[in-house]
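Data first, discussion second: the structure below is written as structure tokens.
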Amino acid sequence: MGKFIVRRILQMIPVLLGTTFLIYALVFLLPGDPTAGRCGDRPCSATYVAAFRAEYNLDKPFIVQYALYLSKLVQGDLGTNFYGNTVLHELAIRYPVTLKLALIAIVFEIVVGISAGVLAGIRKGKFADNLVTVSTLLLISIPVFVLGGVAQMIFGIKLGWFPVTATEGTWYQLLLPGIVLGSLSVAYTARLTRTNLVENLRADYVRTAKAKGLAPQRAIGIHTLRNSLIPVVTYIGASFGALMGGAIVTERIFNINGIGNFIYRSISQRDGVSVVGAVVVLVFVYLIVNLLVDILYGVLDPRISHD
Amino acid sequence: MNTNERLLEVNDLRVEFRMRDGIAHAINGVSFDLHARETLAILGESGSGKSVTAQAIMGILDSPPGFVTGGEVKFRGTDLLTQPEKERRKVRGPGISMIFQDALSSLNPVFPVGWQIAEMFRQHRGMNRADAEAKAIELMERVHIPAARERVRAYPHQFSGGMRQRIMIAMAIALDPVVLIADEPTTALDVTVQAQIMGLLKELQDEAGMGLILITHDLGVVADVADRIAVMYAGRLVETSGVVDLYARPAHPYTKGLLESIPRLDLKGQTLNAIGGLPPNLLAMPAGCPFHPRCRYAVDICREGEPPPLEEVVAGRAAACHRVREVYGDE
Amino acid sequence: MTERPNAEPENLTQPQIMQPQAEIDASAREVNLDLQPAISARSLGADAWEAMRRSPLFWISASLIVIFVLMAIFPALFTNKDPYDCPLELAREAPSPDAWFGKDLLGCDVYARTIYGARASILVGVLTAFVTAVIGVGIGTAGGYVGRWVDTLLSRTADVFFAIPLLLGGILIMFTFPSTAETPYMVVVFKVVIAMAILGWPNIFRLMRSSVIQVNPLEYVQAARALGGSPWRVVTSHVVPNSMVPVIVVSTIDLGAYIATEATLSFLGIGLREPAISWGQAISDASGLGYIRAAPHMLIFPSVFLSLTVLAFIMMGEVVRDAMDPKLR
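Protein chains in written order, with our numbering: chain A, 85 to 391; chain B, 9 to 339; chain C, 5 to 333.
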């Protein structure tokens, strides 16, 4: 087990290096002026350009540039925007709200997604199954920003069940945005759970469980579900990427003062240092979450980690 | 246990599969019985209904599409088919138990083997975790798995094919079943391992006096271990016989064909007589005897009406063939 | 591309018909007893078409796709209004017989703009799906067919691209290459397409690679090789066509996702922008809080069109997938 974890962490390093390099290349190495559009709608002042070029070592060979950039990144230096604030500080004051929002979304995704998937899977071909299949298809098709606007209109304004905005970021205020944010992943989670359950219910070991005289609840709940949820765990990790992209949109719609909204505002103010810094952090969080999920996968599936 | 007790009595069992394209009559009136210490081999091709028979006896048919539509399965005198599912469940394990062909897929990949054996004791006997694990180790030793104590927490994929089948067997015999059904227990294994597993089954049967139903398509496996053989074709028994008699003098053209298609060392150089054609489509069974399209004895009477019933040929032997006299006498 | 250097020579020279004697002996009794019941002779393709024809979802999604594609190519078929004719004094007017969907912030006709918005979404979706498919199929075939270190290198590279979530990466790229009001329409479209294709190709790559690895050992591919077919011919006439079905299915589903992502980027103000008309931008304009209260029509119509388009492609992909994979039925 320990060996497996170490191996996974080591395998992660090249991906991390590659990813940071790719981001760096996309932002700094491609043709064009890297300071273009970084200072609002006006061209940057000569002093800012000079400072920027020095900060990112743009006059050095690009491998050196990248190495210096990486070493800064490792030390948590994400740069200073032209308002003079460090991006790290901007993120530090905003992350608790985003964390709460993401937590609500994930809990919603796990609880509702898995329950709906299990229900559909054990009633394959019946009404519940069709209901889940059709409603998840609809959810998948509606982009988060559309769903957010519509949910705000119906549940916030028309029905008044939830606050229209979540400026203070309390749990109650974040409930509706969290559900909106998790809705896409909830649909995929439900479908994946269903597919795996249906497939595993046909597996030979389920027949064995019946032949052992186990109650159906145990044959399904212990023997089938455990196997069916392994891929779902992986998906939930992967869905974290979509979740963070969705957070940018959701936080904007519900006016939540988190990292997503910070990115959105930095985009409209063309504050490049902030946009790149914050997005890089999100990509990192995504990669780390996936590493953890990968390890969890090994814990859940002994065929991966024990050999 | 009464040494010659009749453990299992199957009467006119009928099973059908209701599919999209129609109803497949998988088992059409199968009857046999099984006594203590006896080994009955059910022999047939894939699709002949031998595995379905076993699953119907166990009550683990996939339903839908499979439905038992008639007959009785009497276990020590009680018909299991009319029992409520809850009662029936108590029979699985301590009463009738089953092992399957592919132990790798039949064992749950994500639980340790010891846990899976111990589950029998925990669920049926309400034993605590530690005691159940001790029992699991005991059973693993009984089926001759080396270093059982160290390997009790290992997972199925960490064992070889033969060892996995031993684990399957340990699980099946955990609660000292009265009847053990082995569905192609050695098909997935190497020849040498096959012999070991059959030896183990025989050994366990002698110790406990179980009745054993051995389902197989392999005439070679049957010869050494079975007392009686029931040959199945298209969901019917076509011949039942003691094992020695059957090999010496088959009474049904299908059995005869099977025996002739075994390669024999003493007849090296001659062509094998394989049975031509394919088994019938269960959705569109031919009229008359289902075997007639492949039968070299077939005459007009075989091609019409109901399939011939299973009738006694001589004491202890029966065959379902209009031309049984010609087949049995034709040596 | 060159012939894989380690192609096992025995596979090429050993006649497949002759088996060692021992094997025949061992398998004789199995063959006789273990015959599989005959399977239907109808081909998978005909079967799949039968299954699709009977599915109402297929007809719904097909009709939607036809309508939206027509809308993208000939918007004038659906409306005779000019989407750029925007009298400010009519701004945010509610739906009326004259303007079915009402007017937007600048007084433009919402119906006309919604119809004209189809072009950008369909264009971006189709182009991105096409470009990712071309890149993914090309690189995936190379990796799967050539194997060895080439495959390892390509797979690790794909991992790196795959590790960046589509929307986050799209934001980075689109932010680095901003468009202005003067940027020509097609250039803006291509920027979005390329941004998403850069991040989207590993999906198809992985699929194609594993398809090729599955198809490669099949006998007719080996036979084509043994008969001296050039690697290029073997790949194009045998390996690729047989691996295309999953690629088409996934590309169709992804197409829907690309349309949604483009709309999200436009919603954030870094995707398509004026003078291009796009649903994402229209929804963005409409979803200011005050407007949702006062003029919900500005939000609802483009939202419904966008969602239906995404739905149509995802549904179509799934119908085809289910039809090709009888196991799921």
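The beta carbon of each residue, even a glycine, is placed where N, CA and C say it ideally should be.
The model shown is predicted, which means the values in this text are computed figures rather than measured ones.
| Item | Value |
| --- | --- |
| Which residues in the same chain as B/Ile189 place their Cβ atom closer than 6 Å to its Cβ, once the five residues preceding and following it in sequence are excluded? | Ala62, Met106, Ile221 |
| Starting from B/Thr77, follow the beta strand (DSSP E) in both directions and report where the run begins and ends. | 74 to 83 |
| With distance defined between alpha-carbon atoms, name the residue in A/Ile194, A/Val367, A/Ile147, A/Asn169 nearest to A/Leu276. | A/Ile194 |
| Use the C-beta contact count for C/Ser65: other C-beta atoms within 10 angstroms, 16 or more gives buried, fewer gives exposed. | buried |
| Which one or two residues does DSSP pair with B/Glu24 in a beta bridge? | B/His33, B/Phe75 |
| Could you work out which residue in A/Leu384, A/Val383, A/Ala151, A/Ile340 is closest to A/Tyr394 when comparing CA atoms only? | Because chain A is modelled from 85 through 391, residue 394 of chain A falls outside the range shown and cannot be assessed. |
| By how many angstroms is the C-alpha of A/Leu223 removed from the C-alpha of A/Val373? | 24 Å |
| Could you run through the segment 153 to 172 of chain B and flag, in chain order, every residue whose CB is less than 7 Å away from some CB of chain A? | Tyr163, His165, Gln166 |
| I need the boundaries of the beta strand (DSSP E) containing C/Glu186, first residue and last residue. | No beta strand (DSSP E) contains C/Glu186, which DSSP labels as neither H nor E. |
| Looking at chain A, is there any beta carbon in it that lies within less than 9 Å of the beta carbon of C/Phe194? | no |
| If you measure between the beta carbons of A/Gly205 and A/Leu298, is that distance less than 9 Å? | no |
| Taking 9 Å as the threshold (beta carbon to beta carbon), is A/Ala204 in contact with chain C? | no |
| Do A/Asn311 and B/Val118 have their C-beta atoms within less than 9 Å of each other? | yes |
| Does any residue of chain B bring its CB to less than 9 Å from the CB of A/Leu298? | yes |
| For the segment 23 to 37 of chain B and the segment 90 to 99 of chain B, state whether three or more C-beta atom pairs, one from each stretch, are separated by less than 8 Å. | no |
| Out of B/Gly313, B/Arg45, B/Glu192, which has the shortest C-alpha to C-alpha gap to B/Gln109? | B/Glu192 |
| Using a 10 Å radius around the Cβ and a threshold of 16 neighbouring Cβ atoms, would you call A/Gly86 buried or exposed? | exposed |
| Can you tell me where the alpha helix (DSSP H) holding A/Val369 begins and where it ends? | 356 to 384 |
| Any chance the segment 223 to 230 of chain B sits against the segment 291 to 300 of chain B, with 3 or more Cβ pairs inside 8 Å? | no |
| State buried or exposed for A/Tyr289, treating a residue as buried only when at least 16 other CB atoms are found within 10 Å of its CB. | buried |
| Classify B/Arg100 as helix, strand or coil using the three-state DSSP reduction. | strand |
| Tell me which same chain residues have a C-beta within less than 6 Å of the C-beta of A/Ile190, skipping the five on either side of it? | none |
| Using alpha carbons as the reference points, say which of B/Cys310, B/Gly101, B/Leu51 lies closest to B/Leu254. | B/Leu51 |
| If you scan the segment 181 to 253 of chain B from start to end, which runs of the alpha helix (DSSP H) of 4 or more residues do you find wholly inside it? | 199 to 216, 227 to 233 |
| Between the Cα of C/Ile217 and those of C/Ala230, C/Ser247, C/Leu231, spot the shortest distance and give me the residue it belongs to. | C/Ser247 |
| A/Ile304 by DSSP, collapsed to three states: which one? | helix |
| Just list the beta strand (DSSP E) runs in the segment 91 to 138 of chain B, keeping only unbroken ones of 3 residues or longer that don't cross its boundaries, in chain order. | 104 to 107 |
| Mind listing the chain A neighbours of C/Leu272? Cutoff is C-beta to C-beta under 8 Å, in chain order. | Ile332, Val333, Arg336, Tyr348, Ile351 |
| Could you give the residue range of the beta strand (DSSP E) that holds B/Ala49? | 47 to 51 |
| First and last residue of the alpha helix (DSSP H) that includes C/Thr180? | 170 to 180 |
| Take B/Thr47 as the anchor and find which of B/Arg137, B/Asp214, B/His260, B/Pro317 has the nearest alpha-carbon. | B/Asp214 |
| Can you tell me which of the three DSSP states B/Glu6 falls into? | Limits of chain B in this structure are 9 at one end and 339 at the other, which puts residue 6 of chain B out of reach. |
| Mind listing the chain C neighbours of A/Met328? Cutoff is C-beta to C-beta under 9 Å, in chain order. | Pro169, Leu171, Leu172 |
| At 9 Å on the CB atoms, spell out the chain B contacts of A/Asp385, in chain order. | Pro117, Val118 |
| What's the gap between the Cα of B/Ile104 and the Cα of B/Thr263? | 29 Å |
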